[in-house]
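Numbering-wise (full-length UniProt numbering), the sequence shown opens with residue 1 and increments by one. The C-beta atom is built at its ideal place from N, Cα and C for all residues, glycine as well.
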Amino acid sequence: MFLLLAAASNHQTTLKPLTKLWLTFNITSPRPFDPPRLHNALFITSLHHTFTHLKQIGSTSSIAMATHRLIILFLLSSQLITMSLSSLPPRGSSDPDDLPTLLKIKAQFGNPAALAEWQPGTDPCSWPYAYCNQYRRVVSLFLENVNITSTLPPAIGELDQLETLSIENMPGLHGPIPDSFGKLAHLSVFNVMVTSVSGSIPASLSRTNLSSVSFFGNKLTGRIPTSLEKLPHLTFFDAANNDLVGPIPPRLVHGSTPDMPLGLKLSNNRLSGNIPWLYGIERYIMEFKVANNQLAGDASFLFGRRKRVDDLDLSGNRLKFNLTGLEMPRDLLFLNLSHNRIYGGVPASLRESRVVTLDLSYNQLCGEIPAGGRMGWFKAEAYGHNKCLCGAPLPPCASGHY
1 MFLLLAAASN
11 HQTTLKPLTK
21 LWLTFNITSP
31 RPFDPPRLHN
41 ALFITSLHHT
51 FTHLKQIGST
61 SSIAMATHRL
71 IILFLLSSQL
81 ITMSLSSLPP
91 RGSSDPDDLP
101 TLLKIKAQFG
111 NPAALAEWQP
121 GTDPCSWPYA
131 YCNQYRRVVS
141 LFLENVNITS
151 TLPPAIGELD
161 QLETLSIENM
171 PGLHGPIPDS
181 FGKLAHLSVF
191 NVMVTSVSGS
201 IPASLSRTNL
211 SSVSFFGNKL
221 TGRIPTSLEK
231 LPHLTFFDAA
241 NNDLVGPIPP
251 RLVHGSTPDM
261 PLGLKLSNNR
271 LSGNIPWLYG
281 IERYIMEFKV
291 ANNQLAGDAS
301 FLFGRRKRVD
311 DLDLSGNRLK
321 FNLTGLEMPR
331 DLLFLNLSHN
341 RIYGGVPASL
351 RESRVVTLDL
361 SYNQLCGEIP
371 AGGRMGWFKA
381 EAYGHNKCLC
391 GAPLPPCASG
401 HY
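In structure tokens:
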């Protein structure tokens, strides 16, 4: 991991996603009192999103490829971590319950050529896209860039030992997420990313064991079900780039321990209302990104020296609060408050912060920009189109003012 970050130091566009990955890697090292599966799920998702981000920004360097290899390695090794190799049963066919279910899934996918190896009389544990545990049960399905035009198979909900379901970059997939997925009592990681899947998020998912969800880049509509707040281990939820409406549920993500890192990414929807104040008391929100919605009100409660947030993006909303005097969270690296109705002045606490990227443009800020410390990092674009800001890197303040 350190080598990836070192290599990225000369590639500015890759630094941000890899920095987040490094933070997750450090934080999610298992502790005696934390369930290992939660840490595995969070780090798996962080790896997956890192590579997705690198692809989105057009990085085809060896860094991106190394990250991809890390994903594959970790996904495979995490299946083995909890196994006792001496207790493995002799190699044989998988559990008979999974074979007909997988064949049903293939049929509901429309018998695509990509699943040609899924045949009766063969071992499903050797099939592409399916992975088994030590008891020969299918626990993971990973489909990426597979040419399939169909709806999501309801029969996936019959894989009663499934822990990870990841479907990505398959624009031919359409229709709703089946309610039957709520029967997956062991499902911990659920990704449906960059597809044409539409409809609402099923409330039945509250009956699963989800710790990480990504619905990035689909055509989902409706409200985020408040029933998802019942999921006791949900630490990461990404539904950015959809068409969701309504308020943000106040307890959508929450940690089982104070140091459990959380992530909430809901940018580019049509969400409305105020940001729930409960997110201001969570101990560690690694990412809080709600850009380009219709959120309003005061979000100053997200700030404070004792708050722990690494990436805060509230841009493109209707938020209105006084920025003057607010303390920057101690771990904050990326701050975007642009395109809101925020007033007051640029807080002096930015000088001693760890912020490396800043955007306060298109607000109603006024007064002299503080000097010294971290302030030399930020260019004029970070402050543009405000009411009356002045001082470096903007033109100097008029004599006698401020």
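Closest Cα partner of residue i within the set the options
i	options	result
S192	S204, E168 and S180	Rather than Ser, the amino acid found at residue 192 in this sequence is Val. It is E168.
D311	E229, F303 and M286	M286
W127	V309, L266, Y284 and W118	W118
R351	S361, F142 and G325	G325
L360	V245, Y131 and G345	G345
T101	D179, T151, G373 and A155	A155
N269	F216, E229 and R374	F216
P225	N218, N241 and R251	R251
E229	L394, P202, T357 and S353	P202
H186	V356, I105 and V138	V138
V309	P247, I177, F334 and D179	F334
C125	A114, G110 and L99	L99
L332	R318, S196, G304 and S188	G304
P178	P247, G373, S212 and G157	G157
E381	K265, L358 and L365	L358
M375	R136, S196 and R354	R354
R283	L302, L266, V194 and K289	L302
F321	L314, N336, Y343 and E327	Y343
S196	S212, S188 and S150	S150
Residue i (DSSP reduced to helix, strand or coil)
i	result
K219	strand
K307	coil
G384	coil
T226	helix
S200	coil
C397	coil
V327	Inspection of the sequence shows that residue 327 is occupied by Glu rather than by Val. E327 falls in the coil class under three-state DSSP.
G110	coil
M170	strand
G157	helix
S298	This sequence places Asp at residue 298; Ser is not what is there. Correct three-state label for D298: coil.
Y279	helix
D179	helix
K104	helix
L234	coil
G376	helix
A116	coil
E368	strand
L184	coil
Straight-line gap, residue i to residue j (C-alpha atoms, nearest Å)
i	j	result
G297	P249	16 Å
L220	D160	26 Å
L70	M260	With a pLDDT of only 47 at L70, under 50, the local geometry of the prediction cannot be trusted, and no value is derived from it.
Q294	G273	7 Å
P232	H254	8 Å
G391	S399	11 Å
F237	I369	36 Å
S300	N340	13 Å
A348	L210	41 Å
V245	Q134	42 Å
H174	D243	15 Å
Y362	L394	14 Å
S200	C366	42 Å
H385	S338	10 Å
F181	A113	24 Å
T257	G263	14 Å
K387	F378	18 Å
A116	L162	22 Å
F288	S267	9 Å
S206	P176	17 Å
residue 425	P247	Limits of the chain in this structure are 1 at one end and 402 at the other, which puts residue 425 out of reach.
Residue i classed as buried or exposed, judged by whether at least 16 other C-beta atoms fall within 10 angstroms
i	result
I281	exposed
T122	exposed
T208	buried
T235	buried
A239	buried
Y279	buried
Y383	buried
P329	buried
G172	exposed
P396	exposed
A291	buried
residue 471	The shown model of the chain, from 1 to 402, leaves out residue 471, and the question about it has no answer.
R306	exposed
G316	buried
A130	buried
P153	buried
R136	buried
* With a cut-off of 8 Å, do at least 3 Cβ pairs link the stretch 143-152 to the stretch 162-181? -> yes
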